[in-house]
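Report on one structure; see the data block that follows.
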Amino acid sequence: MSVLAGAKARDIELVDGLRSLGLSLSSAACAKLDAYVALLAKWNRTYNLTAIREPARMVTHHLLDALAVLPHLPQREFLRVLDVGAGAGVPGIPLGIARPHWSIVLVDSNQKKVAFLTQAAIELALPNVHVVIARAFADLRTFAQLSARHLSPSGRLYAMKGALPEEEISALPLSIEVVTAPALHVPGLDAERHLVVLRNRVAA
(Lines of atoms letter the chains of each structure in order from A and count residues from 1; the text may use other names and numbers.)
(Lines give C-alpha, C1' and ligand atoms only; values in the text may rest on other atoms or scores of the structure.)
Protein backbone atom coordinates (compact mmCIF):
# COMPACT_ATOMS: atom_id res chain seq x y z
CA MET A 1 0.00 0.00 0.00
CA SER A 2 1.37 3.43 -0.96
CA VAL A 3 1.80 6.20 1.60
CA LEU A 4 -1.01 8.15 -0.06
CA ALA A 5 -3.37 5.17 -0.07
CA GLY A 6 -2.52 4.47 3.57
CA ALA A 7 -3.31 8.06 4.56
CA LYS A 8 -6.64 7.91 2.72
CA ALA A 9 -7.55 4.65 4.47
CA ARG A 10 -6.73 6.25 7.84
CA ASP A 11 -8.92 9.24 6.98
CA ILE A 12 -11.86 6.98 6.16
CA GLU A 13 -11.40 4.96 9.34
CA LEU A 14 -11.16 8.15 11.41
CA VAL A 15 -14.28 9.70 9.88
CA ASP A 16 -16.26 6.46 10.29
CA GLY A 17 -15.04 6.13 13.88
CA LEU A 18 -15.98 9.71 14.76
CA ARG A 19 -19.43 9.15 13.28
CA SER A 20 -19.82 5.99 15.37
CA LEU A 21 -18.87 7.95 18.50
CA GLY A 22 -21.36 10.68 17.63
CA LEU A 23 -18.60 13.28 17.30
CA SER A 24 -18.41 16.00 14.68
CA LEU A 25 -15.00 17.61 14.11
CA SER A 26 -13.91 20.17 11.55
CA SER A 27 -11.86 19.15 8.54
CA ALA A 28 -8.96 21.13 10.04
CA ALA A 29 -9.17 19.11 13.27
CA CYS A 30 -9.28 15.82 11.33
CA ALA A 31 -6.23 16.93 9.33
CA LYS A 32 -4.36 17.63 12.59
CA LEU A 33 -5.33 14.22 13.99
CA ASP A 34 -3.97 12.57 10.84
CA ALA A 35 -0.80 14.69 11.06
CA TYR A 36 -0.38 13.61 14.70
CA VAL A 37 -0.53 9.94 13.66
CA ALA A 38 2.03 10.53 10.90
CA LEU A 39 4.36 12.35 13.32
CA LEU A 40 3.97 9.67 15.98
CA ALA A 41 4.71 6.91 13.46
CA LYS A 42 7.82 8.79 12.31
CA TRP A 43 9.21 9.34 15.83
CA ASN A 44 8.22 5.85 16.91
CA ARG A 45 10.65 4.25 14.47
CA THR A 46 13.53 5.81 16.41
CA TYR A 47 12.31 6.42 19.95
CA ASN A 48 9.88 3.52 20.56
CA LEU A 49 7.15 5.75 22.01
CA THR A 50 4.32 3.23 21.64
CA ALA A 51 3.97 -0.51 21.05
CA ILE A 52 1.48 0.26 18.26
CA ARG A 53 3.59 0.44 15.10
CA GLU A 54 1.10 0.63 12.24
CA PRO A 55 -0.45 4.08 11.57
CA ALA A 56 -3.82 2.44 10.78
CA ARG A 57 -3.91 0.81 14.22
CA MET A 58 -2.92 4.12 15.81
CA VAL A 59 -6.25 5.51 14.58
CA THR A 60 -8.25 2.95 16.56
CA HIS A 61 -5.90 2.30 19.48
CA HIS A 62 -4.89 5.93 20.06
CA LEU A 63 -7.16 8.48 18.36
CA LEU A 64 -10.56 6.81 18.71
CA ASP A 65 -9.61 5.31 22.09
CA ALA A 66 -8.85 8.82 23.36
CA LEU A 67 -11.84 10.53 21.76
CA ALA A 68 -14.25 7.90 23.14
CA VAL A 69 -13.99 9.64 26.53
CA LEU A 70 -15.17 13.03 25.21
CA PRO A 71 -18.91 12.43 25.80
CA HIS A 72 -18.10 11.64 29.45
CA LEU A 73 -16.15 14.85 30.10
CA PRO A 74 -17.78 18.15 31.14
CA GLN A 75 -19.39 19.70 28.09
CA ARG A 76 -17.98 23.17 28.55
CA GLU A 77 -16.49 25.56 26.04
CA PHE A 78 -13.50 26.15 28.31
CA LEU A 79 -11.97 23.41 30.47
CA ARG A 80 -8.59 22.83 32.10
CA VAL A 81 -7.32 19.25 31.65
CA LEU A 82 -4.23 17.66 33.22
CA ASP A 83 -3.11 14.50 31.38
CA VAL A 84 -0.89 12.68 33.86
CA GLY A 85 1.42 10.03 32.39
CA ALA A 86 0.76 11.38 28.89
CA GLY A 87 3.20 9.01 27.19
CA ALA A 88 2.96 9.51 23.44
CA GLY A 89 0.22 12.10 23.91
CA VAL A 90 -2.89 9.99 24.45
CA PRO A 91 -5.47 11.14 25.32
CA GLY A 92 -4.19 14.72 25.75
CA ILE A 93 -3.22 15.61 22.18
CA PRO A 94 -6.37 14.21 20.49
CA LEU A 95 -8.48 16.00 23.12
CA GLY A 96 -6.52 19.21 22.57
CA ILE A 97 -7.12 18.96 18.82
CA ALA A 98 -10.82 18.17 19.21
CA ARG A 99 -11.33 20.92 21.79
CA PRO A 100 -8.99 23.81 20.83
CA HIS A 101 -10.44 26.10 23.51
CA TRP A 102 -9.55 23.70 26.33
CA SER A 103 -6.25 24.09 28.15
CA ILE A 104 -4.38 20.76 28.09
CA VAL A 105 -1.29 20.10 30.23
CA LEU A 106 0.65 16.92 29.42
CA VAL A 107 2.78 15.41 32.20
CA ASP A 108 5.27 12.55 31.76
CA SER A 109 8.52 11.33 33.34
CA ASN A 110 10.25 10.08 30.17
CA GLN A 111 12.50 12.70 28.58
CA LYS A 112 12.17 11.24 25.06
CA LYS A 113 8.38 11.28 25.30
CA VAL A 114 8.43 14.83 26.65
CA ALA A 115 10.61 15.84 23.69
CA PHE A 116 8.11 14.27 21.29
CA LEU A 117 5.14 15.91 23.01
CA THR A 118 6.84 19.30 22.88
CA GLN A 119 7.63 18.89 19.18
CA ALA A 120 4.11 17.67 18.42
CA ALA A 121 2.56 20.72 20.10
CA ILE A 122 4.80 22.93 17.95
CA GLU A 123 4.40 21.13 14.61
CA LEU A 124 0.64 20.68 14.98
CA ALA A 125 0.21 24.32 16.07
CA LEU A 126 -1.49 23.52 19.38
CA PRO A 127 -1.12 26.64 21.55
CA ASN A 128 -3.59 25.16 24.04
CA VAL A 129 -1.30 22.16 24.77
CA HIS A 130 1.57 22.50 27.26
CA VAL A 131 4.13 19.86 28.29
CA VAL A 132 5.60 19.21 31.74
CA ILE A 133 8.00 16.53 32.96
CA ALA A 134 7.31 14.80 36.29
CA ARG A 135 7.48 11.43 38.04
CA ALA A 136 5.33 8.71 36.52
CA PHE A 137 2.59 6.73 38.25
CA ALA A 138 0.09 4.14 37.13
CA ASP A 139 -2.26 2.50 39.67
CA LEU A 140 -5.43 4.33 40.72
CA ARG A 141 -4.38 4.84 44.33
CA THR A 142 -1.11 6.57 43.44
CA PHE A 143 -2.76 8.46 40.59
CA ALA A 144 -5.45 9.77 42.94
CA GLN A 145 -3.09 10.63 45.79
CA LEU A 146 -0.77 12.67 43.58
CA SER A 147 -3.38 14.25 41.32
CA ALA A 148 -6.33 15.07 43.59
CA ARG A 149 -4.51 18.06 45.09
CA HIS A 150 -4.69 19.79 41.72
CA LEU A 151 -8.49 19.55 41.46
CA SER A 152 -10.83 22.47 41.80
CA PRO A 153 -13.65 21.90 44.34
CA SER A 154 -15.87 20.55 41.57
CA GLY A 155 -13.03 18.89 39.65
CA ARG A 156 -12.85 15.26 38.59
CA LEU A 157 -10.10 12.73 37.89
CA TYR A 158 -10.57 10.60 34.76
CA ALA A 159 -8.60 7.35 34.57
CA MET A 160 -8.66 5.42 31.28
CA LYS A 161 -8.52 1.70 32.02
CA GLY A 162 -8.99 -1.59 30.21
CA ALA A 163 -11.01 -4.07 32.28
CA LEU A 164 -12.73 -2.52 35.30
CA PRO A 165 -9.92 -2.44 37.95
CA GLU A 166 -11.88 -3.73 40.95
CA GLU A 167 -8.79 -4.28 43.13
CA GLU A 168 -7.40 -0.82 42.40
CA ILE A 169 -10.78 0.75 43.20
CA SER A 170 -10.98 -1.08 46.52
CA ALA A 171 -7.47 0.19 47.38
CA LEU A 172 -8.35 3.87 46.86
CA PRO A 173 -7.75 6.15 49.86
CA LEU A 174 -10.84 7.03 51.90
CA SER A 175 -10.57 10.64 50.75
CA ILE A 176 -11.34 9.61 47.15
CA GLU A 177 -14.62 8.25 45.83
CA VAL A 178 -15.68 6.80 42.49
CA VAL A 179 -18.36 8.88 40.77
CA THR A 180 -18.96 6.49 37.88
CA ALA A 181 -17.07 3.96 35.76
CA PRO A 182 -18.77 3.59 32.37
CA ALA A 183 -17.68 1.02 29.83
CA LEU A 184 -16.49 2.61 26.58
CA HIS A 185 -17.02 1.37 23.05
CA VAL A 186 -14.10 2.23 20.80
CA PRO A 187 -14.86 1.73 17.09
CA GLY A 188 -12.58 -0.89 15.56
CA LEU A 189 -11.10 -1.95 18.89
CA ASP A 190 -12.09 -5.37 20.24
CA ALA A 191 -11.01 -4.88 23.85
CA GLU A 192 -12.49 -3.79 27.15
CA ARG A 193 -12.25 -0.09 27.99
CA HIS A 194 -13.53 1.75 31.06
CA LEU A 195 -13.37 5.34 32.22
CA VAL A 196 -13.08 5.57 36.02
CA VAL A 197 -14.26 8.98 37.24
CA LEU A 198 -13.02 10.01 40.69
CA ARG A 199 -13.43 13.02 42.98
CA ASN A 200 -12.44 14.17 46.43
CA ARG A 201 -14.93 12.82 48.92
CA VAL A 202 -17.13 15.55 50.32
CA ALA A 203 -17.20 15.58 54.11
CA ALA A 204 -20.64 14.74 55.53
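One rule links them: number in this note's numbering = place in the sequence shown (from 1) + 1161. The beta-carbon is built from N, C-alpha and C at its ideal position, and this holds for glycine as well.
Item	Value
Three CB pairs or more closer than 8 Å across the segment 1351–1364 and the segment 1236–1252	no
N-terminal and C-terminal residue of the beta strand (DSSP E) that Ala-1320 is part of	1318–1322
Close Cβ partners of Leu-1210 (< 8 Å) along its chain, the five nearest in sequence each way excluded	Leu-1201, Trp-1204, Gly-1248, Ala-1249, Lys-1273, Lys-1274 and Phe-1277
Contact the segment 1258–1266 vs the segment 1230–1241: 3+ CB pairs below 8 Å	yes
Cβ distance (whole Å) where Tyr-1208 is taken to contact Ala-1281 below 8 Å	No, Tyr-1208 and Ala-1281 are not in contact; Cβ-Cβ is about 12 Å, not under 8 Å.
Distance, Ala-1352 Cα to Leu-1325 Cα	12 Å
Distance CB(Pro-1216)-CB(Arg-1180) smaller than 8 Å	no
Nearest residue (CA-CA) to Asp-1195, options Val-1220, Arg-1214, Leu-1186 and Leu-1182	Val-1220
Local conformation of Glu-1353 per DSSP, three classes	coil
Beta-carbon proximity list for Pro-1368, same chain, < 8 Å, skipping 5 on both sides	Nothing about residue 1368 can be reported from this structure: the residues present for the chain run from 1162 to 1365 only.
Segment limits, alpha helix (DSSP H) that includes Thr-1303	1301–1308
Rounded Cβ spacing between Leu-1333 and Ala-1305 (contact assumed at less than 8 Å)	6 Å
Residues that Ala-1401 bridges to, as DSSP identifies them	Residue numbering for the chain in the displayed model covers 1162 to 1365; residue 1401 lies beyond these limits and cannot be assessed.
Member of Ala-1168, Met-1321, Ala-1192 and Gly-1323 whose CA lies at the smallest distance from the CA of Ala-1286	Ala-1192
Identity of the residues DSSP links to Leu-1243 by a beta bridge	Val-1266
Sequence-distant residues of its chain with Cβ nearer than 8 Å to Arg-1354 (five each side left out)	Asp-1226, Ala-1229, Met-1321, Lys-1322, Gly-1323, Ala-1344, Leu-1345, His-1346 and Val-1347
6 Å Cβ shell around Gly-1253 - same chain, five flanking residues per side excluded	Asp-1244, Ala-1247, Ile-1265 and Leu-1267
Opening and closing residue of the beta strand (DSSP E) in which Val-1290 lies	1290–1294
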